[in-house]
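Protein chains in written order, with our numbering: chain A, 1 to 346; chain B, 347 to 692; chain C, 693 to 1038.
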């Protein structure tokens, strides 16, 4: 699949990732592929011991690996972190999509909206009144931007992204297709004729260098701003409720949801399908396993798992005992029966 | 953020929410903000004891609170329910978005579709054959309405909403961006060459005054109608399977899913990420905590939690014991060992 | 709801599903409805014993059922599998939507894209450079297809589907509204300035006769292809992470998620809200109950449930004991207390 747009020598690729060539630096690489599929003109990477075993039988012409020692006679680019090196290699050979400045003839820019000359506005995109799109920003086909939004330099909105009014997207931030930023928060007050909607008149602010996954939803705040910090990565189908404040360099994996008014500290990583209750404080550097249910505050640096969430090691112990629970309960019933017999005998 | 479109005196805002002014009724309010961010010309609200503590140190010029007694010397609008009062204040100062009657020149209205003169059809919206859009309804940019749909008066479809054929949306109901109403239910029958699709030829009916969240999916029925009742509020990324019948004034929080043919009674509240099996009957006035797994019928008025779901108090007890399970199991093993020793000795 | 486009006799419908008429084969059927709503000119179906009880008091003119014996004096179409027969009946009377060949005047086909003369391209659809759309394929309104995609014969993309670059959709495969195929996988490597994105330069390949639900997301591979096999059915709001390989005739129910690089064997069925970790191997013919959490490999043919996942019967036992856990723990505490008393006495 990943055929290089232009072939490159092993030495050039090594330079791109700061690696050291062992073997033939002049070997020409035409593609980057998986260990299974790579051929003599492909580069493949081995991230850990399991992959190194596969690498030793791979036909890849060049290996990106921690050490050439395991691969005698092969051409290897030695690097300390093969994942990071792969990112560097790919970034060097697959050029980043850059804005092709201009408005597609079908794009609609409403009165009072300002689109910088270096921005690209795709087919059928709509930019609402009073919104600003900076240089280098890309609005792909069918993007709808509401009123009074700000799209910073180099931001990239994929097809079908929707921004409601008053949403800001930071520089170089990428928003994937179908993501909805700024829909009303889920706020109601009881009233005589059923629930009464609390108007959601705040906004959303996404920092710079962030990434928001496909079909994810980040609701607008009731009064202030729902925030997602710089460098934070949000996967697909994630929900961030109104008034949340998600820090910097946070990772929220697929289908995770935060109820309203919760804060998440910098560098925290929540696995897939995690659920976080409302009005909670999740600290910095927290790690939560997939499907964790978080219903109380979590201190900085905690590793947690399970529902109810527990420190990771405790959760593992609970899980192990849970599997044994039927046997444990059987023993308890026998002991209780024996004790009752003793009592009778006693 | 929430700067008022036009400043208003404290007395005017008190009248809007039926509150009593203690202090300076002529004080001019320019914004509604959080307790942390409010200044001398802002109103902020204190919903409970924790918020009242924050309110006492807030710089807000006006407080919306249950009692002025805790805030000597401050200007307070006293109300019995601060959340409901906030809803009333915001609704009074932020005017509801009303239809701007007319068709955008890029809107497509297919043959036999009828759009009332008081409806607003936005850029690139498409209304299919035989569909009807009533006065006051708003179809924002890029909304796609299939054939034979009915959009009642004052309904509001946000950008990128999709209605398949034969979907009805009730009066004043709001549907947020990316929601898909009427996609085929997930129905298959085993056949000689794998699964065979059961054609889904029913429809979807959403009542009046309902709200459907961003990117939620409500599938069409196999033969009849998938129903969502009047006043029901559905959050983002919720799935309602085919043939479901969801009652009135129900609340379904984010990422919750109902499998097919399940009924949910009036006024029931399901927390976030709840999963409900197919062909179940969930009663009226049920409350289910976040991430509850419901795999059997639930009686009217039950409060439940956990997976498998239990009455709320029982679920709390199970959760508490679950945390202690490794210790409990250790005690059981010791007791069993001692009992075995007794046997040997005996 | 499900009024037939043209009335048909019972005999004709019986022929369509290979059934045997007991009663009046000339009875004219005008609609197919639920047992509750069917009238004397409607057909209704009874799939199991519960439905047969409802059928005996239904006003349906014709019943589709396993045996006429339970319904003396009624007109019955006897079939071995009423669900499969219903599928056949509906397919015979509700004609499949076929392509209406041609490009809507507002459709945009970019340079180098090839649209076959028998394909239908709807309003505002966009087909990117170098993509191919085969005969009989339907791209509904607002579909966006990226560059170098291939849409095979008879594939049907509903309104607002998005394909990123390099996505292939197989013959007769149906993709529902809001689905996003080919968004970037969630791959990052740690770097000096926070996380660094690993460019996702692979693609997505969906087989033939598959169905992808509304608002589901299937991410592109890092280097190779994320795959979904022939005949596989994916429900709404499902996430399939990058590099996954999902087999043939697999069923993934609503809101289920697969993390990256996981393989799922042919004919496997995962219930709703199931979560599957990354780099796992789920075998063929596996069945997993709703909300199962899968964090390790699963062998072919296993039936599993729970979190952590266990064989189905074991999971049921664990669930049963979990409900009793508070009582079990109380007994343990009493036994421990008694044992301590014995020690003191002893």
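The beta carbon of each residue, even a glycine, is placed where N, CA and C say it ideally should be.
- Residue-level contact by beta carbon holds for residue 108(A) and chain B, with a gap shorter than 8 Å.
- For residue 124(A), a Cβ of chain C is located within less than 8 Å of the residue's own Cβ.
- Between residue 869(C) and residue 841(C) the beta-carbon gap is near 18 Å, outside 8 Å, which marks them as no contact.
- From the beta-carbon of residue 326(A), the residues of chain C found nearer than 7 Å are 1009, 1010, 1013.
- Here the alpha carbons of residue 397(B) and residue 745(C) stand approximately 56 Å from one another.
- The beta-carbon separation of residue 779(C) and residue 751(C), rounded to 24 Å, does not stay under the 8 Å limit for a contact.
- Of the candidates 571(B), 547(B), 488(B), the residue whose Cα lies closest to the Cα of residue 592(B) is 571(B).
- Assignment of residue 379(B) by DSSP, reduced to helix, strand and coil, places it in the coil class.
- Per the DSSP secondary-structure output, residue 793(C) pairs with nothing in a beta bridge.
- Bounds of the beta strand (DSSP E) holding residue 408(B) are 408–411.
- Straight across, the Cα-Cα distance linking residue 215(A) with residue 931(C) is about 10 Å.
- No residue range can be given for residue 840(C), since it is assigned to no beta strand (DSSP E) and is classified by DSSP as neither H nor E.
- Taking each of 135(A), 220(A), 198(A), 268(A) in turn and checking the Cα distance to residue 231(A), the smallest one comes out for 268(A).
- Excluding the 5 residues flanking it on each side, residue 879(C) has same chain C-beta neighbours closer than 8 Å at 889, 890, 892, 914, 934, 952, in chain order.
- Collapsing the DSSP output to three states places residue 17(A) in a helix.
- Assigned with DSSP and collapsed to three states, residue 866(C) falls in strand.
- Nearest CB-CB separation between residue 307(A) and chain B: below the 8 Å threshold.
- Residue 377(B) has its alpha-carbon roughly 22 Å from the corresponding atom of residue 418(B).
- For secondary structure counted as the alpha helix (DSSP H) over 4 or more consecutive residues, the region 38–89 of chain A holds these complete runs in sequence order: 49–56.
- Contact between the region 643–651 of chain B and the region 271–291 of chain A is absent, with fewer than three C-beta pairs closer than 8 Å.
- Counted as a single uninterrupted DSSP element, the beta strand (DSSP E) harbouring residue 859(C) occupies residues 859–861.
- In the three-state reduction of the DSSP assignment, residue 356(B) falls in the helix class, which pools H, G and I.
- Taking the C-beta atoms as reference points, residue 46(A) is found nearer than 8 Å to residue 82(A).
- When 9 Å is used as the limit between beta carbons, residue 763(C) is near no residue of chain A, the shortest such separation being about 44 Å.
- Listed along the chain, the chain A residues whose CB falls inside 7 Å of the CB of residue 880(C) are 233.
- Where residue 197(A) is concerned, the enclosing beta strand (DSSP E) starts and stops at 194–197.
- Per DSSP, reduced to three states, the secondary structure at residue 213(A) is coil, with no helix or strand assignment.
- Counted as a single uninterrupted DSSP element, the beta strand (DSSP E) harbouring residue 897(C) occupies residues 895–898.
- The beta carbons of residue 236(A) and residue 213(A) sit closer together than 8 Å.
- Contact of residue 41(A) with chain C is not assigned, every C-beta pair being separated by 8 Å or more.
- Here residue 784(C) is near residue 708(C), since their CB atoms are less than 8 Å apart.
- Close partners of residue 524(B) in chain A (Cβ separation under 9 Å): 160, 162, 178, 179, 180, 183, 215, 217.
- A direct Cα-to-Cα measurement between residue 233(A) and residue 725(C) gives close to 47 Å.
- Within the same chain, Cβ atoms closer than 7 Å to the Cβ of residue 447(B) are found at 463, 464, 465, 466, the five residues on either side in sequence being excluded.
- Per DSSP, reduced to three states, the secondary structure at residue 943(C) is strand.
- A distance below 8 Å separates the beta carbons of residue 596(B) and residue 610(B).
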